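A.B. asks: Residue numbers (our numbering): 64 to 181. Glycine included, C-beta positions come from ideal geometry on N, C-alpha and C. Keep in mind that this is a model prediction, so the values were computed, not measured. The structure follows.
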């Protein structure tokens, strides 16, 4: 695992998220009230970009396409894709899958993420 600097800690306000590419890994960095967290950038349902979704209370991100919700800290699926009506048919083929998460640290005001070597 290698640490990479993404941004200064004051560049991403609390309650915001931003996407980055780090060594071919597409990730989203989230700034929550209790710190920074990072996940893969694409929803595990049909790969929609999570940075275009909604950052919800209780450390959740909601996919912009089919409203799947994930725990930002653990990557766990909280609510699987449920919109529009009928999407559940696709869910038979695309079963629930957690998001990959990445370790994040803040050192000297710099937000860093650890990703597997490409």
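Just to confirm, is the Cβ distance from residue 103 to residue 141 under 7 Å?
C.D. replies: no
A.B. asks: Please report the residue range of the beta strand (DSSP E) in which residue 173 lies.
C.D. replies: 173-178
A.B. asks: Can you give me the start and stop residues for the beta strand (DSSP E) that residue 164 sits inside?
C.D. replies: 164-170
A.B. asks: Would you tell me roughly how many angstroms separate the C-alpha atoms of residue 62 and residue 108, rounded to the nearest one?
C.D. replies: In the structure displayed, the chain extends from 64 to 181; residue 62 sits before or after that span and is not available.
A.B. asks: Whose C-alpha, out of 100, 176 and 138, is nearest the C-alpha of residue 77?
C.D. replies: Residue 100 is the option with its Cα nearest to residue 77.
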